[in-house]
Structure formats: structure tokens, C-alpha cells
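Enquirer:
Chains as they are written, first to last, in the numbering used here: chain A, 1 to 475; chain B, 1001 to 1475.
(1) Give me the DSSP bridge partner(s) of residue 1202 (chain B).
(2) Can you tell me the Cβ-Cβ gap for residue 1343 (chain B) and residue 1298 (chain B), rounded? I've got them flagged as a contact below 8 Å.
(3) Here's the rule I'm using: 16 or more other beta-carbon atoms within 10 Å means buried, otherwise exposed. How should residue 1357 (chain B) be labelled?
(4) For chain A, find out if any of its Cβ atoms is closer than 8 Å to the Cβ of residue 1312 (chain B); answer yes or no.
(5) Per DSSP, what are the beta-bridge partners of residue 144 (chain A) in this structure?
(6) Check each residue of the segment 169–203 of chain A: if its Cβ is closer than 7 Å to any Cβ of chain B, include it; give the result in chain order.
(7) For the structure I just gave you, are there three or more beta carbon pairs, one from the segment 1269–1278 of chain B and one from the segment 1237–1251 of chain B, closer than 8 Å?
(8) Determine the DSSP secondary structure at residue 263 (chain A), reduced to helix, strand or coil.
(9) Whose C-alpha, out of A:330, A:336 and A:319, is nearest the C-alpha of residue 310 (chain A)?
(10) In chain order, what residues of the same chain lie with their CB nearer than 7 Å to the CB of residue 1239 (chain B), ignoring the 5 residues before and after it?
(11) Report the partner residues of residue 222 (chain A) according to the DSSP bridge assignment.
(12) Measure the alpha-carbon distance for residue 1293 (chain B) versus residue 1306 (chain B) and round it to whole angstroms.
(13) Return no unless some Cβ of chain B is closer than 8 Å to the Cβ of residue 430 (chain A).
(14) Only counting the same chain, and skipping five residues up and downstream in sequence, which positions put a Cβ closer than 6 Å to that of residue 94 (chain A)?
(15) Who are the Cβ neighbours of residue 1001 (chain B) in its own chain at under 6 Å, not counting the five residues just before and after it?
(16) Within a Cβ cutoff of 6 Å, which residues of the same chain sit near residue 1330 (chain B), ignoring the five residues on either side of it in sequence?
(17) Please name the residue, chosen from B:1205, B:1105, B:1046 and B:1351, that lies closest to residue 1321 (chain B) on a Cα-to-Cα basis.
(18) Cα-Cα, which of B:1054, B:1167 and B:1231 is closest to residue 1257 (chain B)?
(19) Please decide whether residue 446 (chain A) counts as near chain B, where near means a Cβ-Cβ distance under 8 Å.
(20) Any heavy atom of the ligand MN closer than 7 Å to the CB of residue 358 (chain A)?
(21) Tell me, please, whether the CB atom of residue 1398 (chain B) is closer than 8 Å to any CB atom in chain E?
(22) Residues of chain B with a CB under 7 Å from the CB of residue 47 (chain A): which are they?
(23) Is there a Cβ of chain B sitting closer than 8 Å to that of residue 372 (chain A), yes or no?
(24) Can you tell which of A:222, A:105, A:201 and A:332 has the C-alpha that lies nearest to the C-alpha of residue 159 (chain A)?
(25) Taking the beta strand (DSSP E) that residue 1117 (chain B) falls in, what are its first and last residues?
(26) Taking residue 1315 (chain B) as the reference, which of B:1290, B:1339, B:1300 and B:1328 has the closest Cα?
(27) Taking the C-alpha atoms as reference points, what is the distance between residue 433 (chain A) and residue 1446 (chain B)?
(28) When the Cα atoms are used, what is the spatial distance from residue 476 (chain A) to residue 374 (chain A)?
(29) Which term fits residue 121 (chain A), buried or exposed, when burial requires 16 or more other beta carbons within 10 angstroms of its beta carbon?
(30) Exposed or buried, residue 119 (chain A), counting other C-beta atoms within 10 Å across all chains shown (16 or more means buried)?
(31) Tell me the rounded alpha-carbon separation between residue 1394 (chain B) and residue 1039 (chain B).
(32) Which of the three DSSP states, helix, strand or coil, is assigned to residue 1286 (chain B)?
(33) Residue 1150 (chain B) to residue 1143 (chain B), Cα distance in whole Å?
(34) In or out: residue 1338 (chain B) buried (at least 16 other Cβ within 10 Å) or exposed?
(35) Mind pulling the chain A residues with CB within less than 8 Å of residue 1052 (chain B)?
(36) What in chain A is Cβ-close to residue 1401 (chain B), meaning under 8 Å?
Okay, here's the thing in C-alpha cells:
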């Protein structure tokens, strides 16, 4: 073969290769744009079905109708049965309960806090015992108050702390855009205030509610005790109450606060996670889990925390069924019990022998309220995240602005330790801590369309992952 | 020179060029990343100042305190003077009023609508005359009702329309994500209902309020008459009232509706746009305008429509001043008068001889409520939009998810015709039409942090454009 012929052959081969690569790449491109079009059509149908019918609001109405759902309460038991029935009515398969043991703390019938000042007169303060707190003495307690701005100040003032009420007047930082980050810092005083105060010999921990709202609602939540440290009672007061107390202390440093409440730590009780499936027709053992937690705090029916999350999961399956979309992989809704009081439901779910034949490829928790969804957090490696970005045109069409690293939740964290990719729905956080753990977390703070958009986002995410998988080839 | 030397020289030149290009490109890159860092710092300071102090909510509290601000009303006049004073107190320069002539329509003291049925009994319907409507006869009118679903149905039923009440029971489509688009379709019946009904000889146009909210608030708004077509009166009823009337008509097609209201079209009056500047220190004649409209409908104090927009503009200038940021170009706040009743304020502003020495390089209107901002629309060519995209890392840091083609507004449209680039703040629209033009558009539906985030977005946009310009070189 002459050199010239050889060169020609190479050129021909090169051209052929170019054509093959071009065609393949264009086919790939077409295939992707076809897929995006397919999912955009589904997204549009989910939007129309969801926004016209608003099934999420109807379901949330039912869940909140049982009252609060604190672990061990009659409301929590009712919610287990109610959501089981909702799943049955929706025609989910494999609907069942899985047991978990939960704490049983009960708030007393009355909670009193009174600021007593010979200079300023007496003023009642709206108060709520912090979850898990021991009771005060039956007749209550009355003591002088030491106001502190952080734990360091408590340490500096420790010599005068004995027998006093330590008033943690720590404002949740309003200048932070992400309210969850500001909340975390402020809530540390609710969680650890009693232990730190007790270490200095104080009699009581009184905590400014971790919220930027300026109102008279105390916010409760979880606290911890430590072995070897005296268990002193602890309560929250409202932000307005905290401001009043702080101003009053400037005018009368000797004022006292009287406080009395009779909460009880009763023996743990048995409760349940509630589970229902849309079985996959191709890979039923591969599971995409959507979950929220059924328990709430006891000052309200927990419409946002986490009635909304439970509703998102239930309604997402409802929408997928309503559109007659049969998933390749199983899409499962789990109502976890006991996120608020220790997380036993999530641990028991992951540890159950029922999981032996199942493979959870994605678990998504919605536990940030029923507000307008903005994005989706996925706690996966960069390569998986990158692959998910290609669906962004579809998610943008339902007003989900981003998919970013992040997400997860207390209930699904144990699955994450077993290798499941975790995700979370991320709604706007600006209004969440106005209502969180307070008497304001009621159905009337939920907007039906905002709630439904969360459901639509989760149904779309679950369906795409059911079709495409999450692995290296997304098949 | 030998060929070899020549080749070497070329290689050296190539290398030198490569180094120059690389260094230049890396300098450009550094310069951009420096700029982004600079503006991100400013964004962070704007966030902290805004979210800590919440100046927008304080200003909106003042604006809504004067009551409704319908063109020609005492509230509108009070708002002109109030916002002038706010500008003076903020230390703005060039604070002045510019005159504009506005319609003066006044709702009557009482508005009655009563469904009268010998079968079903009588039921009162909450009603509101549509803005600009003529009054009913002094004693009201009573007539049978023809319900229609669109203008085509009216045309089909025209033979029986004479002397009747045409009931436009057109639901605002809930399945549309962008509520403004669904609103536009439904509101057409409020705007043109009376004319189309009158063409068929009807006596009255009764219109279902264009909202997806299920409540008992009628929503008013603008309507039009046409020369040569009898001016018949028109009113809206609430969505619940519309559903009741529709169901009742099925049970008793002969029922009548009695309706009476005594609104008046009075002679036009003089009112004002209110204007104040943060003068640019380098190019004071180049103006970045932030605006909202001061007038509202008369069923509420127009907290969202458009108290929020006026507040956004005022507070954006306040924040820039509070941070001691001196703009290169002039940043101007304009409170336009009469967006709702014909747009004279915007036209007169653009046509004023005061504009002769000014060059408006960007005008941004906020007239979509005080809800959570999602993005910014810019009505510019693709090249300008592309250049603005480079600031997205800065905007994302304040939770503005996108800058897209779009934006504008009734008040700034006349500037757009003169070549000014127009923009608009685009908050979430899910809750807007619940309150829009109804008695529900009150301060308590405003969340201080959501409102402030709109202000922060506009202050950042205005400041960056003041520094960088919008032209081909953005200098």
C-alpha cells in the first residue's frame, strides 16, 4: 500500500469515526432531550393534578384534626391509625405498622410563671416546660434571677448562681438568612441550659424561646440531662416575656420569678412507624423512601412540624397513583414515630429484619415545614449530584430552583449509615421558626398551594429516581 | 534567517503570546472574582442590616396606616405627603412632587346584593362594585340571572339576555403555577364583562372574583366601558358567593338577584408622584430608578398592592445609605400615583421636561407583592442579560435564584418606550391573588423578613448597576 493510500485510509477511518461519534453524541443528546420532555410532561400533569385538587391540604387537615401528637399521647396513637387508614384508602400495598418504643413525657395541666417585684408589681409570663424536664416542687419555686447572654457569662457569674433562676436571654440571630443555622445556635440554651445551670448550683433554667418572632408564644422542644448532674426543671418563655423580664431586671435586680409546673416522665410506651408502598414493577426490592415524622410537640397540632412532611410523603404517592404512573422501583411512604423525643422510630426502621431483602437507594425526608419549596438537598457524592443536575430543566418547570449537596434528616440518618443516599426537601425557612414547637403551629399557617408544591416536587423526584435509578448509569 | 531560526522565533512569539493571554485572562478572572467577593461582602452587610432592623416593615406600617389610597382619596393624598416626609427624614436629595391628574371614582357607602328565591329563601352575597362602574338605579335593580362560563356562552345565550344579570362564573385556573397568567385570563371578565353583557342588552354584569382562594371576600379592580355601548353597572362577588349562586341557580333557575350600590364618577383631581434621590457622585445624570405605586384599591390599605413595592423602593435607598455606600450613579425612588386607574403617573413622569437632562439606565418596579422574592426579571437584550448573569453568585447569596428576561410594570413602561432597560422584582406568586384588590390585603399578611428580602435584592441590584452600569462594557 502506498503512503498516499494509507493516509487516505486513515482519513476515511477518521471521517467514519467522526460520523459515528457525532451520531452517537447526537443520539445521546436526543435521548436526553426526549427524556427531559417526557418528565416535563409528567411534571406538568403533576402540577395540574396537585394544584387543582390540593390533596395535601385535605390529608393535613385530617392529621392535624387529632390534636397534638407528642410521643405516647392519645393523639400520636390516633395518628398512627389514621395514616394507616389513609394509606389503605389510597390503595397502597404492604401497608403495615412497625413497632418502636417511645418516651412518654406529659406536660402538667397548668404552667405558671409570675414575675414578682415590689418596685414594678407582678406580671404573668407565658411559659412552657421544656420537653423532658422534671417538675418543679408541687408548690412551685420562687427565686431571684440571673440573666446571662451565653454560657461564658454563666461561668463568670457562677459564684452567685446557687439557688437562683438562670435566665438564658439569648436572641436567635435575625441577621442570618438561613434561619436553621441561627436556630441551632439559640436552641443550644434550651437543650443544655438546665445542665449548665445545675452545674453552678442553680435551681431553674428559664430560656428565651428560640425564634425571631416578636410575640407571646413560648416554644418548647427537647432538652438533655447528664448523669451525675442534678436534674433541675427548665422552661421557655416567649420573646416578649423575655424582653419584659430583661427590662424589669434592669429596674429591679432583686425581683423574683415564681414558677410552677407538674410535668411527668412516665414509663416508655410502644408506638409505631406507619409504612405503605407503591410497589415497583421491575425492581420491587429497590426502594425510594419518602418520609416525615408523625409525632409533634404538644403545644399545637404540629401542622408544619411535621404534619406537612407526613402529608408530603402520603400525597406524593397519591399523585403518582392519580396519574396512573407505575414506578419501576418501589416508592414508599414512611410516617416515622418519635423524631422529636430521641429518634427511635428511624433507628428501629433501619435496623428491622424486614429491611434484609430491601435495598433503599434514596431516602428523602421532609421536616422543614410546609412552606414554599425552593430546592432539594441530596447527600450524595459529586458524581451522583452532577448526574442529577441534568434533570434541572424538569425541576425548574415546577419552580424547584436547585439541587445541592445537603438534605437528610433525623429519621433517615440511620439508613444513611447503611449507604442509602439521603435527601431533603428544602422549603423557604423565613417563617418556620415563628411557629416551630409553639402554639402557633396550626393548620391556618399552611397555604394549600405552597404545601402542594412540596408534594409535587417529591412526587417528581421519587418518580424520576424510580425510573432512572441513582447508580453510576442511572438505569 | 534560517528556517530553523524562524521557526524558533515563531515558537517564542507563540509562547510569549500564550503567557500574555494567560496572564490577561487570569487577571480578568481575578478581577471578576475580586468584584464578586466585593459585592458578596456588601450583600452580606445588606442582609444583616436589613434582617436585623427590618426597616421595610416599619415603613409599610406607616404607609398602610393612612387607610386605602384609591386615586383621589384622602388616603392617597396623605400617602403623598407621608412618603415625601419619609424621604426627607431619610436624607434623600431632590425630594419633590410631580403632578399628575387622576380619576376620582368613589364607592358608595353601602353595597347590597341579595339572592331572592321562593324555593331556597333569601341569601345575602358579599359584593363590591368594580372600579369605574356606574351606580345602579337609586332603588337598586332586581333581575333574573344568566350564568355563563365564557364570552362564547354569552353569545350563544344572547337572545335571552335582555334585562338580565349576566353572571360571569369563570374560575381562575388553579392548575397554573404562575398565578399571574391564570389571573390575566379570569380578570378579563371583570374588565370586559359589562361591555359584553351590555352589547346583548343585559342590565348588569356580576363577576366571580378572580382568585383561587375559597372565601367570602369580593375582589375589585379596573373595568372598561366602550363608546356607543350602554354603561351598565358591574360588581364582583366572592368565590363562595359565586359557588352558592351557581348551585342555587341549578335548584331554582328563576331566582332573582337584587343589587344596589351608589358609586360615583367625580371630576378628575390633581395628585402627585413622589420622588427622592441618592445622587451619584460620578455620573449623577445617569439614573437607576426603583419604583412602586402609591395608589391602591379601596377595600383595604393595599399592603401588598402596592404598599410593598413603595416600601421596597424607599427601604432599598435607606439600606444603601445605612451602609454608607455612595453610589456612582443616582439611585432614585419613585412612588408613582395612579397605576390602578389608568397609569397617568407613569406617563407623566416619563414625559416630564425634568427628564430632559436625565438618562434612566435602569427602571425596576416592584408590583407583585411583598412575598418571598425568587428572582429578577430584566427586559434587556440577550447580551446585557448574559453580562448580568455573572453577578448570579452574589444574588444567590441573598437567595435570589435567577435573573431572567422579563419584568417591567405599568408605571415604568413609558420609560421603556424611551429606551430605558426595565426590570421587575419577582416574588413568589402563590399567595398574591388571595389578597389582591380585596379586603384581605392588610399588613398582617406581610411577613417582615420576606418583605425585607425584596428590599435587600433591590438595593443590591441598584447598587451593582450604579457601580458597574448596564452598557456593553458595564462601566
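All C-beta atoms, glycine included, are put in the ideal place defined by N, C-alpha and C.
Remember, it's a predicted structure, so these values are computed and weren't measured experimentally.
Expert: The short version:
(1) Looking at the DSSP assignment, residue 1202 (chain B) forms no beta bridge with any residue, so it has no partner.
(2) With a Cβ gap of about 18 Å, residue 1343 (chain B) and residue 1298 (chain B) do not count as contacting.
(3) exposed
(4) no
(5) A:256
(6) 174, 175 and 177
(7) no
(8) coil
(9) A:336
(10) 1208, 1209, 1211, 1213, 1214 and 1215
(11) A:131
(12) 6 Å
(13) yes
(14) 277
(15) At residue 1001 (chain B), the pLDDT of 46 sits below 50, so the modelled position is not reliable; the number obtained from the coordinates is stated separately. Excluding residues within five positions, none has a Cβ falling inside 6 Å.
(16) 1277, 1279, 1280, 1284 and 1287
(17) B:1046
(18) B:1167
(19) no
(20) Among the components of this structure there are no ligands whatsoever, and the ligand MN is therefore not found.
(21) Of the protein chains in the structure, A and B, none is chain E.
(22) 1175 and 1177
(23) yes
(24) A:201
(25) 1111–1117
(26) B:1290
(27) 16 Å
(28) In the structure as shown, chain A begins at 1 and stops at 475. Residue 476 (chain A) is therefore absent and cannot be evaluated.
(29) exposed
(30) exposed
(31) 6 Å
(32) strand
(33) 20 Å
(34) buried
(35) 174 and 175
(36) 374, 401 and 402
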